[in-house]
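Below is one structure; the comments refer to it alone.
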Amino acid sequence: MRHGLLCLVAPTILLFLSDRSAGDEPGSSLMGQAESNHIAAALGCLNMTPRDLAFAKDHAKPELVLEKVRNFLYEPMEAPGMAEAILDSATTNRADKLWDQVSKLLEAGPALSSLPVPGDSATNSWSELDPGLANALTAFQIQTAKAQRHLTAAFAKLTPDQKQELGASTLAELFNAADREEVRDLLRVTGLPDDAVTRAIELGLDIDPAPGNDQYVSAVRLIDRALLLESGRILETAARQLTEDAAQDICWPSSPRRFDTALGAIFVGTLEDDEYGEPALLIIDPAGDDLYEAEAGTANGLMGRGLSCVTDLDGADRYHGQGLLGPGAALFGVSVLFDLAGDDSYVCDYMGQSGAAFGCTWLEDAGGDDVYRAYALSQAAATVGVAVLRDLSGRDLYEVGYQGQAFASVWSIGILVDVEGNDRYIAGGRELDHERNPERYLSLSQGFATGRRPVTGGGVAALVDLAGNDTYEADVYGQGVSYWYAAAFLLDAGGHDSYHVHQYGQGSGIHLSTGLLWDQSGNDKYTGFALVQGNAHDYAVGMLFDEKGHDTYTADHYSQGRAINNSVAILMDSAGNDGYFARKNDECQGAGHDGVHREYGGLSMLLDLQGKDFYSCGAKNGAPSRRPLHGIIYDIKEEENASK
Amino acid sequence: MFDQRTAALWMAAILPTLGFADTYNPTNAPFDELLFHLQRYGNTPARLERKEASRQEFLRREASSLQYLMNQIHIDNFWIRIMVHQVTKSAEDHQAADVLVEFLESDHEETRKHAAYYLGFTMAPDFADRVLPLLQDEAAAGAAMRTLGKWRIESATTEIIPFLGHDEERKRVLAANALRDIGDPRAVPDLITSLGDPMFTVRNTSARALSSLGKVAEKSILKELKTGDHEIVVKRQMIRILGEMESRRAKTTLKRLGRDEDPGVRADAREALDRIASATR
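Those sequence lines, one after another, are chains E and Z.
For what it's worth, the working numbering labels the leading residue of the first sequence as 294, then goes sequentially.
For what it's worth, the working numbering labels the leading residue of the second sequence as 4, then goes sequentially.
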């Protein structure tokens with residue numbers, strides 16, 4: 294039986310633990326010399342130079358802004374460099390590289406080394422367990438003590454009241470506690486008492502947002518990002534080592550075992566189908582179709598359970614979160630979830646599946662065709678913290694109501710990496726976009742980053758899909774779109790992909806932020822209604838780069854390389870016979886804009902570097918066309934491309 | 004004021020949840036209550052209805068609405084600014100201007116700036132003397148330039164021209180636009196200088212200002228092209244302006260520039276000539 298298990302798990306373990314050989318090949322450069330030359334040439338047609346991209350856009354004064362994110366407003370062509378760095382770190386399939394990248398993006402700096410050196414804090418006796426497993430648990434427990442010390446230090450300057458205020462203001466708004474009694478009930482059992490929630494709702498309703506904003510900013514400033522990140526890194530590394538050790542020749546118990554530690558319970562499962570419903574420091578399960586529900590797999594520092602780790606080696610497992618926090622959620626804590634094999638189902642009634650609020654989460658699913666479903670703040674979504682979701686194989690389905698599938702808010706990083714398979718990403722259907730599109734839904738997903746306008750900047754979000762014919766469906770805000778001093782990316786490295794969004798998306802920067810979509814290959818379809826496909830609005834930067842394939846772009850207005858209200862918008866398609874279709878041609882396809890009452894323009898560029906292309910606005914293939922108000926369609930002859 | 008707001012919040016948000024009847028009547032509602040409903044997220048049909056009813060009531064109360072809203076405009080709540088804009092545009096010019104002008108000397112720089120800005124949406128040039136001093140106010144100077152431009156206050160020209168060299172790009176843009184609106188030919192030499200600005204936003208707005216200035220600008224640009232030694236970017240801007248003006252007097256100069264060593268200059272000169280030819284056909 295033990296050898297049988299090993300055989301079953303081993304191929305996945307290899308993928309899980311080693312570098313992905315195919316990923317060692319260097320990716321193509323998004324902004325190589327040729328592309329830069331073409332952009333310079335297109336600008337030259339407008340009597341401009343790349344220096345003009347730096348026109349003033351940084352006009353607000355929010356706090357908690359990531360400097361690289363702000364800098365994109367000055368140097369828009371630095372954004373592709375960040376996209377490449379994220380893609381490279383995702384492609385290596387090495388967790389340490391991804392942590393390093395996250396640390397850079399979060400501008401966290403090194404964690405303080407002045408924390409006390411942990412001693413041997415393993416206090417449990419595992420004598421009844423297989424010696425190999427016992428040793429692995431001992432090593433793991435020592436690391437958890439270290440992770441806990443970092444976690445405690447990360448929030449040490451916050452008072453309990455401040456933690457409650459931060460948690461309440463974030464989650465009460467996210468799930469609309471003002472109108473939903475059931476949410477207030479759930480907040481209460483999550484450690485957020487009624488008075489904190491009521492106060493948060495009142496502040497949210499105040500005509501003057503300053504008191505609530507000041508309270509929020511001053512509290513967030515007290516959080517040590519570097520220590521929080523380090524706590525996550527320690528726990529993830531420890532869990533990975535434990536998983537590797539547990540995949541060796543282990544004799545698993547015939548009935549589940551529980552060991553209580555100072556940091557929470559440790560459950561050791563069996564080869565059969567097990568069920569877990571309690572909060573735990575660690576749940577380790579070797580096989581079987583297991584059920585994780587209630588508070589299993591959740592980290593909640595408000596309840597004194599700041600660390601949570603699940604490692605499941607095999608089986609078609611179900612992770613069902615019925616509370617506000619579901620498996621893979623972290624609130625003032627760190628959550629790590631490894632699932633190595635099986636067609637798994639992740640369902641959260643509210644948040645989870647790598648969802649962090651003032652915390653750090655890492656979810657890694659190494660095999661199987663998986664289903665992820667959640668309401669919000671899920672599937673690599675973070676606000677003040679870090680959330681990573683890696684799915685290494687299989688045809689996966691991701692569904693989220695909103696704020697998911699690589700979402701990052703204030704001081705946070707959200708990265709979703711799907712390595713292979715034909716995947717579907719669906720975002721929307723839960724919260725209507727009441728005041729703008731009352732019959733449409735907010736998505737805020739699939740590479741979406743946002744600040745809290747006007748008071749704080751946002752983070753960096755990246756949805757990275759490395760292979761497969763993928764489908765992306767969002768409604769309002771999705772697919773490499775940003776809002777207010779934030780940066781968001783959707784990076785798809787292979788396959789024939791379909792992108793659909795109604796408004797704001799597909800490489801879109803909105804209000805002083807930067808959004809980018811980069812599709813490296815395949816015959817792709819982009820459809821949308823407004824402000825899509827390399828577009829930007831209000832001192833923002835939006836870019837869509839499609840490198841290869843015969844692609845089709847369809848939109849209604851304000852799309853396809855169009856900047857409005859003093860922004861930079863670039864749609865660059867480097868190869869293939871492409872079609873650009875718009876209903877309002879004078880509001881798409883490189884058309885400029887005069888900024889309405891501001892009465893000055895931005896930069897609108899549609900560049901197509903190869904192929905026989907069609908433009909519904911009537912622009913010719915093989916010749917640059919100046920567009921109204923200082924915009925351009927830069928389509929060139931094949932030989933001109935070669936000469937660049 | 005906070006107490007009134009708290010009361011409004013209590014009335015509007017809390018009472019209905021305690022089972023009290025929905026009694027919102029915008030006609031009798033105090034301004035704080037109107038503003039509360041205006042800025043509240045309209046995520047239910049009732050809230051959307053109240054939002055719209057509040058908006059209509061603000062519009063109906065005209066000057067008194069504006070007075071109330073301008074007293075709040077330093078608060079960083081964009082609904083207040085949206086409503087000020089809407090009331091200003093819907094009210095009679097002088098009704099709105101009479102209110103706005105009283106806020107030009109507010110202690111809050113945000114208030115001064117917005118008062119100056121929204122005055123530009125009224126036609127009240129007789130208040131120019133009240134706005135002119137704001138050109139010395141770093142926070143409000145941009146808005147003041149815009150408004151003085153919209154009012155075509157020629158006496159502001161010489162004070163606005165120096166802003167073409169201001170450190171802030173947006174002030175340079177606002178200056179170019181204001182000078183275009185005023186239409187005073189004294190601005191031509193400085194606007195030509197701005198054709199070499201580091202940022203296209205300033206170059207293009209300056210070019211547009213020169214285009215709208217007509218013959219005086221045409222003459223100066225032709226002279227510059229004949230005698231001046233300009234960077235290519237400036238030369239191309241001037242060529243484009245002549246094309247925009249459909250300047251027949253420029254044909255000879257443009258033909259010469261059609262043989263320039265720079266391909267951009269050549270292309271722009273040919274395009275300008277085509278444009279002039281089309282206009283004269």
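The C-beta atom is built at its ideal place from N, Cα and C for all residues, glycine as well.
Beta-carbon proximity list for Leu-51 of chain Z, same chain, < 6 Å, skipping 5 on both sides: Gly-45
DSSP beta-bridge partners of Tyr-639 of chain E: E:Tyr-612 and E:Tyr-665
One or two residues paired with Ala-674 of chain E in a DSSP bridge: E:Gly-648 and E:Phe-700
DSSP three-state assignment for Trp-308 of chain Z, whether helix, strand or coil: This structure leaves residue 308 of chain Z out entirely; chain Z is present only between 4 and 284.
Listed by chain order, chain Z residues near Ile-926 of chain E by CB distance under 8 Å: Under the 8 Å cutoff, chain Z gives no residues; its nearest Cβ is about 16 Å from Ile-926 of chain E.
Rounded Cβ spacing between Ile-494 of chain E and Ala-470 of chain E (contact assumed at less than 8 Å): 6 Å
With 16 other Cβ atoms within 10 Å as the buried cut-off, status of Lys-238 of chain Z: buried
The region 32-44 of chain Z: positions lying closer than 8 Å to chain E by Cβ: Asp-35, Leu-38, Phe-39, Gln-42, Arg-43 and Tyr-44
Coil, strand or helix - His-843 of chain E by DSSP: coil
Interface partners of Met-202 of chain Z on chain E, CB under 7 Å: Asp-345 and Phe-348
Pair within 8 Å by beta-carbon distance, Gly-152 of chain Z and Asn-180 of chain Z: yes
C-beta neighbour in chain E for Thr-180 of chain Z, strict 8 Å: The identity of residue 180 of chain Z in the sequence shown is Asn, whereas the question assumes Thr. By this cut-off, Asn-180 of chain Z is an interface position.
Contacting residues, own chain, Cβ-Cβ under 6 Å from Ser-382 of chain E (five flanking each side not counted): Lys-390, Leu-391 and Gln-394
Closest residue to Gly-751 of chain E among E:Trp-811, E:Asp-538, E:Leu-520 and E:Phe-700 (Cα-Cα distance): E:Phe-700
Contact with chain C by Ile-500 of chain E, beta-carbon distance below 8 Å: The structure shown has no chain C; the protein chains it does contain are E and Z.
Boundaries (first-last residue) of the alpha helix (DSSP H) holding Phe-203 of chain Z: 203-216
Arg-477 of chain E versus Ala-465 of chain E - alpha carbon distance: 8 Å
Val-603 of chain E - partner residues in DSSP beta bridges: E:Ile-576 and E:Leu-630
Nearest neighbour of Arg-442 of chain E, chosen from E:Ala-558, E:Ala-427, E:Leu-515 and E:Leu-520 [CA to CA]: E:Leu-520
Where the beta strand (DSSP E) through Pro-373 of chain E begins and ends: Here Pro-373 of chain E belongs to no beta strand (DSSP E); instead the alpha helix (DSSP H) covers 372-384.
Alpha-carbon spacing of Gly-570 of chain E relative to Ala-587 of chain E, whole angstroms: 5 Å
Those runs of the beta strand (DSSP E) which lie wholly inside the region 737-764 of chain E and span at least 3 residues: 741-743 and 753-758
Pro-33 of chain Z versus Leu-177 of chain Z: straight-line alpha-carbon distance, rounded: 38 Å
Outcome for Lys-218 of chain Z when other beta-carbon atoms lying within 10 angstroms are tallied against a minimum of 16: exposed
Coil, strand or helix - Tyr-734 of chain E by DSSP: strand
Same chain, Cβ closer than 6 Å to Asp-200 of chain Z, five either side skipped, listed in chain order: Arg-206
Cutoff 6 Å; reference Pro-373 of chain E; Cβ partners in own chain excluding five residues on either side: Leu-323 and Met-324
Below-8 Å beta-carbon distance, Leu-51 of chain Z vs any chain E residue: yes
In DSSP terms, what Gly-835 of chain E is bridged to: E:Gly-808 and E:Ala-862
CB of Leu-366 of chain E within 8 Å of CB of Asp-345 of chain E, strictly: no
Proximal residues to Arg-53 of chain Z (C-beta, below 6 Å), its chain only, five neighbours per side dropped: Tyr-27 and His-40
Residues that Glu-571 of chain E contacts on chain Z, provided the C-beta gap is smaller than 9 Å: What Glu-571 of chain E touches in chain Z: nothing, since even the nearest Cβ is about 35 Å away.
With 16 other Cβ atoms within 10 Å as the buried cut-off, status of Asp-277 of chain Z: exposed
Met-341 of chain E at chain Z interface by Cβ criterion, 8 Å: yes
Within-8 Å CB hit, Glu-356 of chain E to chain Z: no
Short CB-CB distance (under 8 Å) between Gly-267 of chain Z and chain E: yes
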